[in-house]
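Presented below is the structure to which this report refers.
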Amino acid sequence: ISSPASLNDFGKQHVTKGLARISDGVMARGQGSYVEYLDGKKMLDFTCGIGVTNLGHSHPKVSKAAAEQCMNITHVQCSIAFHEPYLRLIEKLLPEMPHRSLDSFFFWNSGSEAVEAAIKMARVLTGRQNIITMQGAYHGRTFGAMAVTKSKTVYSDGVAPLMPGVFSIPYPFWHQLRLPPSTPSSVLTDECLYQLHLLLSQQTSPKDTAAIIIEPVLGEGGYVPAPKEFLEGLRAVCDQHGILLIVDEVQSGFGRTGEMFFIEESGVRPDILLMAKGLANGFPLSGVVSRKELTDKLAPGSMGGTYAGNAVSCAAACAVVDAFREENILQNVKARSQELFAFLNDLKQDQTLAQYILDVRGRGLMAAMEFASSEAPGAEFDPATPKALTVKKGIASRVAKKCIEKGMLLLTTSVYEVIRFIPPLNISQEDMKKGCEIFEESLREVVR
Ligand code: PMP
Numbered sequence: 028i029s030s031p032a033s034l035n036d037f038g039k040q041h042v043t044k045g046l047a048r049i050s051d052g053v054m055a056r057g058q059g060s061y062v063e064y065l066d067g068k069k070m071l072d073f074t075c076g077i078g079v080t081n082l083g084h085s086h087p088k089v090s091k092a093a094a095e096q097c098m099n100i101t102h103v104q105c106s107i108a109f110h111e112p113y114l115r116l117i118e119k120l121l122p123e124m125p126h127r128s129l130d131s132f133f134f135w136n137s138g139s140e141a142v143e144a145a146i147k148m149a150r151v152l153t154g155r156q157n158i159i160t161m162q163g164a165y166h167g168r169t170f171g172a173m174a175v176t177k178s179k180t181v182y183s184d185g186v187a188p189l190m191p192g193v194f195s196i197p198y199p200f201w202h203q204l205r206l207p208p209s210t211p212s213s214v215l216t217d218e219c220l221y222q223l224h225l226l227l228s229q230q231t232s233p234k235d236t237a238a239i240i241i242e243p244v245l246g247e248g249g250y251v252p253a254p255k256e257f258l259e260g261l262r263a264v265c266d267q268h269g270i271l272l273i274v275d276e277v278q279s280g281f282g283r284t285g286e287m288f289f290i291e292e293s294g295v296r297p298d299i300l301l302m303a304k305g306l307a308n309g310f311p312l313s314g315v316v317s318r319k320e321l322t323d324k325l326a327p328g329s330m331g332g333t334y335a336g337n338a339v340s341c342a343a344a345c346a347v348v349d350a351f352r353e354e355n356i357l358q359n360v361k362a363r364s365q366e367l368f369a370f371l372n373d374l375k376q377d378q379t380l381a382q383y384i385l386d387v388r389g390r391g392l393m394a395a396m397e398f399a400s401s402e403a404p405g406a407e408f409d410p411a412t413p414k415a416l417t418v419k420k421g422i423a424s425r426v427a428k429k430c431i432e433k434g435m436l437l438l439t440t441s442v443y444e445v446i447r448f449i450p451p452l453n454i455s456q457e458d459m460k461k462g463c464e465i466f467e468e469s470l471r472e473v474v475r
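Under UniProt numbering, the first residue of the sequence shown carries the number 28, and numbering increases by one thereafter.
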């Protein structure tokens, strides 16, 4: 196969249709905030491989650590022996944990596997079966993770029966309660905690309920940070009934929101904390963190997996944690986040654009803009956007497509009209400005 175009065609012929792609072409290289395709096309990357390459592509310290580990030992099966990067990583992560009770670690490859492990642990440790999840949640594509995923039907269409014993409550997201975006978070919180109370009295008794699983920032469901009071409310219910609180920070963790973990902001203690994506900046690695007092009750051999906690991935993750400290990553997130939100909020005030924009939300560099759409239930409840219903459908995907044409990778999210901005956490001021300009130009062309 000689040309980049024919290699791309070869992919279309031989790679399963079950995968979808937002851009055409074959990616060849990535450096910092940019990626390059085989045909030479260069793109500013505001997707980070869906929130993974948080330190940019091919971060020199991370790549070096992985390369050195490759020359040392690549695979130590976790049931055979400990390996040094595994233990060094725990040593580095311990002080970064959002609560000091979190002191017992287990590494897997992917976010989905971490979710599976957490569900298994919760069932085993409580002796109860049922799991409560949130409407709009995304936790992965394996069977247990898919069962607690409630963001889009496409992930499980035709796949049922899924894992039984899963119940859901609404997330404190105005859409889900059919309220306007300006609704105070206390109202949303009260309603959702009331629904939890009803669920525990009507459908799954606390004595049958093993865990509540939550993304503290709803990701694929629309980029919605949970109010502190909601997270505190969940903790209180869990404490009252001996239910475990599983906090899935696979997407929101590792500095994405400006703190190492979003849950830190609330001070709420997770019983099980899940991380992946940014943890190893692109090497497959996820972490399940709990407390020794709980995990000591697990039968030896009940957890594990051939590649779980791979040595190269762990070495890369050690370099990631070092880079966070050495390169003031969280400071950069805060500075760039202020610029991004100021820009998005300005667009929301803009005379011609305001009518198309329903909401700007998120935290840190996990930001979203939602457009008005006749397909978005709830839009019609917003008195501030009387023209919402006249807007053509699919505005978010058309804007994302336009950005890609103009040289910037950008993703939508959720069943609503939402664009998500997840640039590298160490993006320069100049590249942030450039991304904002491409976005504004694209949006103006789409709504013109
Ligand atoms: N949990 C959350 C919050 C996620 O965002 C994702 C991935 N988007 C997953 C779990 C699943 O992770 P993975 O794709 O690595 O299996």
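Note that CB positions come from ideal geometry on N, CA and C, so glycine has one too.
DSSP three-state assignment for residue i, whether helix, strand or coil
i	result
A395	strand
L416	Model confidence at L416 stands at a pLDDT of 45, short of 50, so the residue's coordinates are unreliable; what they give is reported in the following sentence. Three-state DSSP puts L416 in a helix.
G163	coil
G389	strand
Q156	coil
A403	Bear in mind that the predicted position of A403 carries a pLDDT of just 49, short of 50, making it unreliable; the figure below should be weighed with that in mind. In this structure, A403 counts as coil in the three-state DSSP scheme.
G314	strand
R475	coil
I28	coil
S469	helix
D275	strand
P208	coil
K179	coil
residue 24	Because the chain here runs from 28 to 475, residue 24 falls outside it and cannot be looked at.
F281	coil
A362	helix
E259	helix
R56	strand
N355	coil
Residue closest to residue i, alpha-carbon to alpha-carbon, out of the options
i	options	result
D373	E464, L34, P199	E464
I107	P327, D36, S228	P327
Y113	M98, W135, F194	W135
G421	K460, T379, L470, Y334	L470
M70	L437, S441, I449	L437
G260	S293, G282, S232, R283	S293
R296	R205, V89, L129, A395	L129
S400	L227, M393, L385	L385
A55	A32, V42, H41	A32
L367	F288, A395, Q376, R352	A395
S29	L65, Q40, S50	L65
R363	L272, K460, R318	K460
V175	A238, D72, Q222	A238
F73	F466, A145, R475, V347	F466
M287	S50, Q96, K324, K119	K119
A335	V473, S60, C105	C105
Same chain only: Cβ atoms within 6 Å of residue i, ignoring 5 sequence neighbours per side
i	result
Q203	Q162, P197
A344	L116, L306, A307, L312
P252	V244, R390
T43	none
P404	For P404, the pLDDT reaches just 48, beneath the cut-off of 50, and the residue's location in the model is therefore unreliable, leaving the point undetermined.
Any non-hydrogen atom of the ligand PMP closer than 6 Å to residue i Cβ
i	result
Y198	no
G138	yes
Q278	yes
G314	no
G332	no
G163	no
E242	yes
D51	no
H166	yes
G246	yes
A238	no
A395	no
A381	no
A303	yes
D130	no
D36	no
D323	no
Contacting residues, own chain, Cβ-Cβ under 8 Å from residue i (five flanking each side not counted)
i	result
T101	N337, A338, V339
Cβ-Cβ separation, residue j to residue i (assumed contact under 8 Å), whole Å
i	j	result
A249	Y443	Residue identity check: residue 249 is Gly in the sequence provided, not Ala. G249 to Y443, Cβ: 6 Å. Contact.
H84	V62	6 Å
A187	S139	With a Cβ gap of about 18 Å, A187 and S139 do not count as contacting.
R168	Y182	6 Å
residue 529	L227	Shown here, the chain extends from 28 to 475; a query on residue 529 therefore has no answer.
H166	D275	6 Å
L271	I299	6 Å
Sequence-distant residues of its chain with Cβ nearer than 7 Å to residue i (five each side left out)
i	result
Q58	H84, S85
T210	W201
F194	N157, I159, L226, Q230, T231
residue 3	For the chain, the structure presents residues 28 to 475; residue 3 sits outside this window and is missing.
Neighbour flag for residue i against chain C, beta carbons, 7 Å
i	result
K147	Considering every chain present, this structure includes no chain C. It has just one protein chain.
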